[in-house]
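Chains as they are written, first to last, in my numbering: chain E, 362 to 666; chain D, 26 to 311; chain P, 459 to 848; chain A, -16 to 239.
Backbone N, C-alpha and C define an ideal beta-carbon position, used for all residues, glycine too.
These notes concern the structure reproduced below.
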Amino acid sequence: MNAARLVVALVLALLPLLTPTYAQHVAIVVLINAAYTVGVYFMLRMGYLTLGHAGYIALGAYTAALVSTRLGWSPWIGIALAPLVAGAAGWGLGSLTMRLRGIYFSLSVFAFGEIVNATFRAVPALGGPAGVAGLPRPAFAGIALESHLAYYYLVLAAALACGTFLYRLQGTRFGFALLTLRTADEERLAQSIGIDTPRYKAWAFAACCAAAGLMGAVHAHYLRFVGPSIFTFLYSTDLVVFAMVGGLGSFAGPLIGAAVLTALGEQLFSVGYYKSLVYAVILIAIILALPGGLLSLPQRLRRAR
Amino acid sequence: MTAALLAQGLVIGLVNGILYVLVALGLTLIYGIVHIVNFAHGEVYMLGAMGIYVLHVAAGWPLPLAMAAVLAASWAAGVAVERAFFRPLRGQWLQLVVASVGISLIAQSLSWVIFGAQEKYVPSYLPGVVQAFGVRIQLERLLAAGVALALVAGLYALVHRTRLGMAMRAIEEDEETARMLGVDSDRVASTTVGLGFLLAALGGALVAPIYSINPGMGLETILMSFIIVIIGGLGSITGTVLAGLLIGILQSIGALAFGAEAATILVFGAMIVVLILRPQGLMGRA
Amino acid sequence: MRRLLLTAGMVLTTSLGVLTAPPALAQKIFKIGNLSPLSGPGAAFGIGIQHGAEMAAEDIGVFQVAGERYKIEVLPYDTVYDPAKTVAALNRALYSDDIKYGFILGAGVHGAILPIIRQSRFFDMFLGAAGKSVTNAENPTVFRFMASSDQLYSTFTAALYQKLGVKRVAFLGPNDDLGKSDVRTLRELIGTLKGQAEFVGEDYFERGAKDFGAPLLRLLALKPDAIDTDAAPTGTVALIAKQARELGYEGYFFSSTAVLEAKPIVDIAGKGADKVIAYRVWSKPPTPLYEQLAERHQKKYGEPALGTVWEAYGATRWVVEAIQKAGTFDTIKVADTLAASSFAGHPFGPASWGAEKTYGARRQIQTPLPASIIRDGKWEPLDVRVGTME
Amino acid sequence: MPASPAQLEVRGIGKLFGGLSALEEVSFTAPAGRLLGLIGPNGAGKSTLFNIIAGAFRPSRGAVLLDGRDVTPLGSAGRARMGIGRTFQLATLFHELSAMQNVLQAVLCRAPRRTLAGLLQSEAYRREQQACEARARQVLETLDIDAYWNQRAGGLPLGVRKLLTVAVALATEPRLLLLDEPAAGLSEEEGRRLMARIDATLRGRCTVIVVEHHLKLIQRFCEQVIVLEFGRVIYDGPPAGLKGNTRVVDAYLGHD
């Protein structure tokens, strides 16, 4: 296991040095989407489907954008603030909608995402329909991370931060207790053994929104731009698709899903609707034929033999 | 805002509202029986309109024939989707939701490929404008609203007066018991989905001449329908109708008073408030 | 169906473009990227560019640069008007398909890609209406091959208001940076007319919106005799015209910065389409080339040529000519050569670069431009003595 | 196991649902360590009373005292931490989790959260974790269902599930345990074995209140019986007294 980890680490750290710029770009996008998807998975694991994750990503991205352009502060400050803003918003909505589960929860998050987007679009001070352009790249040790390669390492760091945070959080007693919130009955039982379920839900949601916010900020500085047309409902659904295709069996699932589909999507450039078409077909096929997701493919094949 | 303007806004809101209801009703019906929020519903609506264009305008069929064909096709599609996707996934709400998202993506992207990006137009079924008390309203909208209204009434009767309706409500109450009482829940499920699809397609067909048509038109409608069924209460017909009219008016008056985005925020805000204060919706059972 | 094949073809060519990566091979092909919406609301424009550039490529055939022979290939990249996707597309074009020249459609997406363009010196054949924010001295490799909003406004508006006796003007534009900047331009302009006409109010619609009841009611309450629909695409103008007429409006529609077609407007708005005014729409072909291209397009693609076809055709021809003159593909050198040149082979007639005073750079195309009005469902010329923009 | 049994006092509890009153002036005391039976015809208000003691419902009137301390303001989670454990009628469990994990959830509620330490994966945290797992296994052993430890709870046979619910409740180290019809759905024989095991494991460790339909079981295991009818206490005394009490007899025979 640890050997495998080492290999992965080495590949992530060294491969970009050997690859052309475009591969670096793809790697960056893959890492960004993987980090987002992990957040979606974190909620799915609890039995909660977030259909508005892009809203929280947007909160992080816009925080970074406004801090570095409007206030002219260092990008690092924005990147540091982003998870706090997104996390706070997540905590807020989480504690308001803690009674909800199933599709009701999903739709409440979805509505929130739409409101966030509409607000950024409506308020000129927040960029309005045009969005906020001209974000600087943060500088590290005096060097602005202009090149794809340099920025790749920032993205990698952020992705690892998000991933490790959520992964370890699952391992804590808190994370374990989050498995008791699936149904109304189970939640009642959870309370009867002393789990303060509403607070747990709110904090869990805050955690994965904070992760989304952090990555959103890094994403924004990569694009050097944020706008309401980026973090849409369709982005949120894409993330869910990644998670489902990868498989909910383990933490690796969303990573695989995001990596495979994002890399694939980058190849289907000529016409956007072919991209969504391919995504959708894969999704349906997986859901019907391979409920465990790509994750379960190996043992499925073994069983086939 | 002058009284005349307000009145005009109200009328437009009401008419749009009743048209939303047509689509939202299908959603709510399907949810009540199959317990799935069908994301593909907007695409059915789009294909309904697209169908009218292809058959009536492009192929030149007479309108009634085209209309009948579209409705039949949408019904069949509904039954097929239920068989192919909803039935095997019954009980797995997550997979169901995501599958319906997938179906909607497929339908939409295929339509972009097949029908292209050019806006399509359908000539008005009933040109002209009526004017009363300084309020002007297009005949075609009145027609659409009228048909929609009639259908809603019919649906209400169907659910509350017929055997099928009884079976539907029985399943909604308690599927297990209904099964034990010999209700063929599979048949009811596919019938319901067929019916829901038919309503959505009809909604599209009615709207076709009012607006222009493109493969993306489903998205906005489905978002609206979600808000409506949530506010009205998933599974409640009366609630859906009320919420539909409410949202229609909220949207048009809101846009009149504060502009389009403000109206959007208003509408989604209303949905969140309802979700927080009354998650089961205005008319939904807790 | 034909479009299915067409798009399938696009996919194939791109994937081939991806596979034939080794530069040694790619040298023989001069790749032009088409980074524009090929799906979604703006798709008509992107497809227009694809067709225009392809027809230009046919006419150019094989050309020589520094002793090497080149053939043109136009690679489509769908941006769906989404800045993030445009960044992705540009990255792919630059670093994977090693493309240095391309069309990038839309002012909205440029905020995201200008930094990349400055860095990489990508040659941006820009079609879009944004003003100084895109066309300026900081972006030497960005040439706008389409009349800009402020150009169109300053060219036609004043003269037409006078000719048609327009007194009260309302604005109903797209809710994005374009609409917001255009309304500013229009306001300033009307301000300079000293009381000849007045600006009574503005409102906006979302791209792809279909119901304009609320904004129209708000505006019509202000009793305008002209509504400026700015860059609203054909379908939108048609719906606005239809719905406004149904609400009892009888004045003009100024489609000031859009690329319009008459037929759909007439199809959907019927009689209501009358008094729709558009610039850049030729009621009769300005040049034999224009006529010939229109017929070819109908034959080749089975549909009438959309607005962007002409601009894309002209741009491709002109840029390749400049490359040959410069004898290199170095985008900076080519840019200088291009900026210093003028071009006779544009479908609209003789083309040159101008508006230096406004933009601080010779990067804005200047061609003959018509103003047309729909009467009884057909475009008719509106001959006005037009001003020009310095 | 350190926990010492607690004394429960219920003082003048009343509960209104809308207009209807489910409980009126219910008062009784369960001395520490007692095994107390709560019976009564359907709709007498047994479950309501349970939910009020456990903190799932707020009473309209009255107070619940644990060792003389008023716990009425606390919610279920709070009371669980105070030492009130409970089971649910329909063997409610965390169906997706293994038997072991079910119990572990309960055990962990006694351990400090220390999420930060968990994120840093400190050694101490890991040790605590292992201790809790050992403890969970031990609880399974005491009820003699450790064989099923790694099976999905949802898939276990009803009898085991019933015991598992008790194990979960037990793992919170309750000082007062509320058992809601533990024998429901079991055969009389199974029911007796279940009660015997509960009795054997809990006797002296914690105060127990059992809602039960099988009078036989109650009479056999409980020292004190409370009979509810129409939301009122109509009998509070030793099981022996039940037979002689006319009200109880016709309350019961009257109904079933």
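Whole-number beta carbon distance between LEU373/E and LEU517/E, since they are thought to touch under 8 Å
Here LEU517/E really is in contact with LEU373/E; their C-beta atoms are around 6 Å apart, less than 8 Å.
Would you check if there are 3 or more beta carbon pairs closer than 8 Å linking the stretch -15 to -5 of chain A to the stretch 759 to 771 of chain P?
At 8 Å Cβ cutoff, the stretches do not touch.
Given this structure, state the Cα-to-Cα distance separating ALA641/E from PHE111/D, to the nearest angstrom.
If I take the Cα positions, the gap works out to 16 Å.
Does any heavy atom of the ligand ZN sit closer than 6 Å to the C-beta of PRO95/A?
As for the ligand ZN, it is missing from this structure, which has no ligand bound.
Nearest CA to the CA of ALA65/D: which residue from TYR146/D, GLY51/D and ARG303/D?
Ranking the options by Cα distance to ALA65/D, first place goes to GLY51/D.
Closer than 8 Å at the beta carbon, the chain D residues around TYR419/P:
Because chain P here runs from 459 to 848, residue 419/P falls outside it and cannot be looked at.
Which whole-angstrom value describes the C-beta separation of VAL208/A and PRO222/A, a residue pair presumed to lie in contact below a C-beta threshold of 8 Å?
With a contact defined as Cβ atoms closer than 8 Å, VAL208/A and PRO222/A qualify at about 5 Å.
Taking its Cβ as the centre, do 16 or more other Cβ atoms sit within 10 Å of PRO481/P, making it buried, or is it exposed?
Low per-residue confidence applies at PRO481/P: pLDDT is 44, beneath 50, and the placement is therefore not dependable, though the value from the model is reported in the following sentence. By the neighbour-count rule (16 or more Cβ atoms within 10 Å), PRO481/P is not buried but exposed.
Where does ALA736/P sit, in a helix, a strand or coil, going by DSSP?
In the three-state scheme derived from DSSP, where H, G and I count as helix and E and B as strand, ALA736/P is classed as strand.
So, using beta-carbon positions, are ILE238/D and TYR78/D closer together than 7 Å?
Against a cut-off of 7 Å, the Cβ pair of TYR78/D and ILE238/D comes out as a contact.
Cross-chain neighbours of TYR423/E in chain D, by beta carbon under 9 Å
Against chain D, a Cβ distance below 9 Å from TYR423/E picks out nothing, because the smallest value is about 16 Å.
Roughly how many whole angstroms lie between the Cα atoms of LEU189/D and MET205/D?
Distance between the alpha carbons of LEU189/D and MET205/D is about 16 Å.
Looking only at its own chain, which residues have a Cβ that is under 8 Å from the Cβ of LEU281/D, when we skip the five neighbours before and after it?
Taking C-beta separations shorter than 8 Å and ignoring five residues to either side along the sequence, the partners of LEU281/D in its chain run MET26, LEU30, LEU31 and GLY34, following chain order.
Would you mind stating whether PHE140/D and PRO240/D have Cβ atoms separated by less than 7 Å?
The answer is yes: Cβ separation under 7 Å.
Is DSSP giving ILE831/P helix, strand or coil here?
ILE831/P: strand per DSSP, three-state reduction.
Starting from the C-beta of THR615/P, find all residues in its chain whose C-beta is less than 6 Å away, skip the five residues before and the five after it, and write them out in chain order.
LEU647.
Suppose contacts are defined by Cβ-Cβ distances below 7 Å. Is VAL734/P in contact with PHE711/P by that definition?
Contact flag set, yes.
Helix, strand or coil: how does DSSP classify LEU622/P here?
Of the three classes helix, strand and coil, the one that applies to LEU622/P here is helix, per DSSP.
Evaluate ALA479/P with the Cβ neighbour count: other Cβ atoms within 10 Å of its Cβ, from every protein chain shown; 16 or more gives buried, anything less gives exposed.
Note that ALA479/P scores 42 on pLDDT, short of 50, meaning its location in the model is unreliable and no value can be drawn from it.
Of the residues TRP768/P, ALA797/P and THR766/P, which one's Cα is nearest the Cα of ILE781/P?
The shortest Cα separation from ILE781/P among TRP768/P, ALA797/P and THR766/P belongs to ALA797/P.
In chain order, what residues of the same chain lie with their CB nearer than 8 Å to the CB of THR75/A, ignoring the 5 residues before and after it?
Take THR75/A, set aside five residues on each side of it, and the residues of its chain with a beta-carbon closer than 8 Å to its own are THR148, in chain order.
Ignoring anything shorter than 3 residues or poking outside the stretch 157 to 204 of chain D, list the beta strand (DSSP E) runs there in chain order.
As for any beta strand (DSSP E) of minimum length 3 sitting wholly inside the stretch 157 to 204 of chain D, the runs are 160 to 163, ordered along the chain.
Comparing alpha-carbon positions, which option in ALA547/P, LEU677/P, VAL777/P and ASP794/P lies nearest GLY626/E?
GLY626/E has its Cα closest to that of ALA547/P, out of ALA547/P, LEU677/P, VAL777/P and ASP794/P.
Can the beta-carbon of GLY20/A be found less than 7 Å from the beta-carbon of VAL216/A?
Against a cut-off of 7 Å, the Cβ pair of VAL216/A and GLY20/A comes out as no contact.
Measure the alpha-carbon distance for THR593/E versus ASN478/E and round it to whole angstroms.
The straight-line gap separating the alpha-carbon atoms of THR593/E and ASN478/E is approximately 7 Å.
THR525/E versus chain D: which residues are under 9 Å apart at the beta carbon?
Here the premise fails: no neighbours, minimum Cβ distance about 26 Å.
Relative to the C-alpha of PHE222/D, which candidate in ILE247/D, ALA195/D and VAL82/D has its C-alpha closest?
Checking every option, the nearest Cα to that of PHE222/D belongs to ILE247/D.
Using the beta-carbon count (16 or more within 10 Å), is GLN251/A buried or exposed?
Past the edges of chain A, shown from -16 to 239, lies residue 251/A, and the structure says nothing about it.
Hey, quick one: how far does the beta strand (DSSP E) through PRO839/P stretch, first residue to last?
Per DSSP, PRO839/P belongs to the beta strand (DSSP E) from 836 to 839.
contact_flag[the stretch 566 to 576 of chain P, the stretch 590 to 604 of chain P] where n(CB pairs < 8 Å) is 3 or more:
The stretch 566 to 576 of chain P vs the stretch 590 to 604 of chain P: in contact.
Please return the same chain residues whose Cβ sits closer than 8 Å to the Cβ of VAL476/P, not counting the five positions on each side in sequence.
In this predicted model, VAL476/P has a pLDDT of only 42, less than 50, meaning its place in the structure is not dependable enough to derive any value.
Would you be able to state if there are at least three C-beta pairs under 8 Å between the stretch 562 to 570 of chain P and the stretch 607 to 615 of chain E?
No, the stretch 607 to 615 of chain E is not in contact with the stretch 562 to 570 of chain P.
Beta-carbon gap between GLY569/P and ALA388/E smaller than 7 Å:
Going by C-beta atoms, GLY569/P is not nearer than 7 Å to ALA388/E.
Cutting at 6 Å between CB atoms, please list the residues of its own chain near LEU135/D, excluding the five before and the five after it.
Nothing meets the Cβ criterion.
Relative to the alpha-carbon of GLU165/D, which residue among ARG186/D, ALA230/D and GLN305/D has its alpha-carbon at the smallest distance?
Ranking the options by Cα distance to GLU165/D, first place goes to ALA230/D.
Boundaries (first-last residue) of the alpha helix (DSSP H) holding TRP768/P
Counted as a single uninterrupted DSSP element, the alpha helix (DSSP H) harbouring TRP768/P occupies residues 765 to 784.
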